[in-house]
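**Student:** Here the sequence shown stands for residues 1 to 250, numbered as in full-length UniProt numbering.
Glycine residues also receive a C-beta, built at the ideal position from the N, C-alpha and C atoms.
Let me begin by handing over the structure; questions about it come next.
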Amino acid sequence: MTEFLTTPQGRRIAHDRLHGSGPGVVFLGGFRSDKEGTKALALQAWAERTGRAFLRFDYSGHGQSSGEFLDGAIGDWFEDALAAIIALTTGPQVLVGSSMGGWISLLLARTIPDRIVGLVGIAAAPDFTEDSMWAGFSEIQRRALIEAGQVALPSEYSDEPYIITRRLIEEGRGRLVLRSPLNCGFPVRLLQGTADADVPPAVALRLLDHLTGPDIRLTLVKGADHRFSTPDCLALIEAALTEILGKGAA
1 MTEFLTTPQG RRIAHDRLHG SGPGVVFLGG FRSDKEGTKA LALQAWAERT GRAFLRFDYS
61 GHGQSSGEFL DGAIGDWFED ALAAIIALTT GPQVLVGSSM GGWISLLLAR TIPDRIVGLV
121 GIAAAPDFTE DSMWAGFSEI QRRALIEAGQ VALPSEYSDE PYIITRRLIE EGRGRLVLRS
181 PLNCGFPVRL LQGTADADVP PAVALRLLDH LTGPDIRLTL VKGADHRFST PDCLALIEAA
241 LTEILGKGAA
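Structure (structure tokens):
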């Protein structure tokens, strides 16, 4: 059943949670995704089967939460996630971050390391506003972003283009995680499709190289795309979670 949390910033965050055994599992969705996506619902079904505490939620400007998407930025969505974990979970948590959710998971791990005991990144996209969007813009697009405050990019998932705002790019520069050391003292499992057109395998390899920690692994799935939502891919996500929880986190 969907409930709402008001964050310290005054945003209303829609969420669904299951009470169960710990450590809990928190799903963090991607850019323009919501808590009703295939992976989020599959993980909830897994949590129901295993009796595991579980949380899924919508960032502000996404899904059923308050706010307009175009007003948001990485820092806002990180604050939403942090507020949700602090208010709606107890004890240690394993984060499952999809695409942008992988970036936000890393920000959370850096901010509240005492609460995080594992991380599963699914096509994790750290620093994408800088390294993918801004770096990929033409001079015309950069000028439009600066002068008009936004630029439209085509989307393969919708007839509507992505509108990228100047605030998204500029605010994201204060949230980058690949420019300074990032130690993970807990198991990390990165899952990546080789046919991902949005987050290419090179991003996963860069993240693998950048992270430090005792137990970090990357699994490449030949032919899997950015959605990573086929039955086989969903089974890999569940297996990664089960492995992490079996390493003393349970």
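Among residues of its own chain, excluding the 5 on either side of Ala47, which ones have a beta-carbon nearer than 8 Å to its beta-carbon?
**Tutor:** As a position in the sequence shown, residue 47 is number 47, starting the count at 1. Here the set comprises Leu18, Gly20, Val25, Ala53 and Phe54.
**Student:** Helix, strand or coil, according to DSSP, for Ile112 in the structure here?
**Tutor:** Here residue 112 corresponds to residue number 112 of the sequence shown, with the count starting at 1. Reduced to three states, the DSSP call for Ile112 is coil.
**Student:** Pull up the CB-CB distance for Leu178 and His210, whole angstroms please, since I reckon it's below 8 Å.
**Tutor:** For the purposes of this step, residue 178 is taken as residue 178 along the sequence shown, with counting starting at 1. For the purposes of this step, residue 210 is taken as residue 210 along the sequence shown, with counting starting at 1. Contact holds; Cβ gap of about 5 Å.
**Student:** Pull the bridge partners of Thr219 from the DSSP assignment, please.
**Tutor:** Locating residue 219 in the sequence shown gives position 219, counting from the first residue. Partner(s): Leu191.
**Student:** Cys233 to Arg32, Cα distance in whole Å?
**Tutor:** Translated into the one-based positions of the sequence shown, residue 233 becomes position 233. Translated into the one-based positions of the sequence shown, residue 32 becomes position 32. Looking at the two C-alpha atoms, the distance is approximately 21 Å.
**Student:** With H, G and I counted as helix, E and B as strand and the rest as coil, what does DSSP make of Ala135?
**Tutor:** To locate residue 135, count along the sequence shown from 1; it is residue 135. Correct three-state label for Ala135: helix.
**Student:** Below 7 Å CB to CB, which residues in the same chain sit around Ala195 once its five sequence neighbours on both sides are set aside?
**Tutor:** Within the sequence shown, residue 195 is the residue found at index 195, counting from 1. Cβ within range, chain order: Gly223, Ala224 and Asp225.
**Student:** Ala250 to Glu147, Cα distance in whole Å?
**Tutor:** In the sequence shown, residue 250 corresponds to position 250, counting from 1. In the sequence shown, residue 147 corresponds to position 147, counting from 1. Only weak support exists for where Ala250 lies, its pLDDT of 45 falling under 50; the value from the coordinates is given anyway. Those two C-alpha atoms are separated by around 51 Å.
**Student:** Just the Cα atoms here: how many angstroms apart are Glu238 and Ile140?
**Tutor:** Position 238 of the sequence shown, counted from the first residue, corresponds to residue 238. Position 140 of the sequence shown, counted from the first residue, corresponds to residue 140. Cα-Cα distance, rounded: 43 Å.
**Student:** For Pro92, collect the residues of the same chain with a Cβ closer than 8 Å to its Cβ; drop the 5 residues on either side in sequence, then sort them by chain order.
**Tutor:** Looking up residue 92 in the sequence shown gives position 92. Answer for Pro92: Gly22, Pro23, Gly24, Arg115, Ile116, Val117 and Ala249, listed in chain order.
**Student:** Any idea which residues DSSP pairs Gln150 with across the strands?
**Tutor:** Your numbering for residue 150 matches position 150 in the sequence shown. Answer is Thr165, bridged to Gln150.
**Student:** Closest to Gln150 by CA distance: which of Arg56, Ser132 and Glu170 is it?
**Tutor:** Locating residue 150 in the sequence shown gives position 150, counting from the first residue. If we check each option's Cα against that of Gln150, Glu170 comes out closest.
**Student:** Scan the segment 55 to 134 and note each continuous alpha helix (DSSP H) run of 4 residues or more that stays entirely inside, going in chain order.
**Tutor:** For the segment 55 to 134, whole alpha helix (DSSP H) runs of length 4 or above, ordered along the chain, are 74 to 88 and 100 to 111.
**Student:** Using the three-state DSSP reduction, which class does Val199 fall into: helix, strand or coil?
**Tutor:** Position 199 of the sequence shown holds residue 199. Looking at Val199 - three-state DSSP - the assignment turns out to be coil, as it is neither helix nor strand.
**Student:** Can you check DSSP and say which residues form a bridge with Asp16?
**Tutor:** Within the sequence shown, the letter at position 16 stands for residue 16. DSSP output for Asp16 lists Arg56 as bridge partner(s).
**Student:** From the beta carbon of Glu130, is the nearest beta carbon of chain D less than 9 Å away?
**Tutor:** In the displayed structure, chain D is absent; only one protein chain is listed.
**Student:** Measure the Cβ-Cβ separation of Phe4 and Ile122 and say whether it is below 9 Å.
**Tutor:** To locate residue 4, count along the sequence shown from 1; it is residue 4. To locate residue 122, count along the sequence shown from 1; it is residue 122. No.
**Student:** What would DSSP say about Ala250, mapped onto helix, strand or coil?
**Tutor:** If you number the sequence shown from 1, residue 250 lands on position 250. At Ala250 the pLDDT is 45, less than 50, meaning the model places this residue with poor confidence; the figure from the coordinates comes in the next sentence. Coil.
**Student:** Are Leu191 and Leu236 touching if we call contact CB-CB under 9 Å?
**Tutor:** On the sequence shown, residue 191 is found 191 positions in, with the first residue counted as 1. On the sequence shown, residue 236 is found 236 positions in, with the first residue counted as 1. Yes.
**Student:** Looking only at DSSP bridge pairs, what is Phe27 linked to?
**Tutor:** Along the sequence shown, read from residue 1 onward, the residue named residue 27 stands at position 27. In the DSSP output, where bridge partners are listed per residue, Phe27 has Arg56 and Val96.
**Student:** Return the Cβ separation of Phe27 and Leu119 in integer angstroms, given the expectation that the two are a contact with Cβ distance under 8 Å.
**Tutor:** Counting from one through the sequence shown, the residue named residue 27 turns up at place 27. Counting from one through the sequence shown, the residue named residue 119 turns up at place 119. No, Phe27 and Leu119 are not in contact; Cβ-Cβ is about 12 Å, not under 8 Å.
**Student:** Under 8 Å by Cβ, that's how I've got Ala40 and Gly29 pegged, so tell me the actual separation to the nearest angstrom.
**Tutor:** Start at 1 with the first residue of the sequence shown, and residue 40 comes out as number 40. Start at 1 with the first residue of the sequence shown, and residue 29 comes out as number 29. The pair is a contact, with the Cβ atoms about 6 Å apart (cut-off 8 Å).
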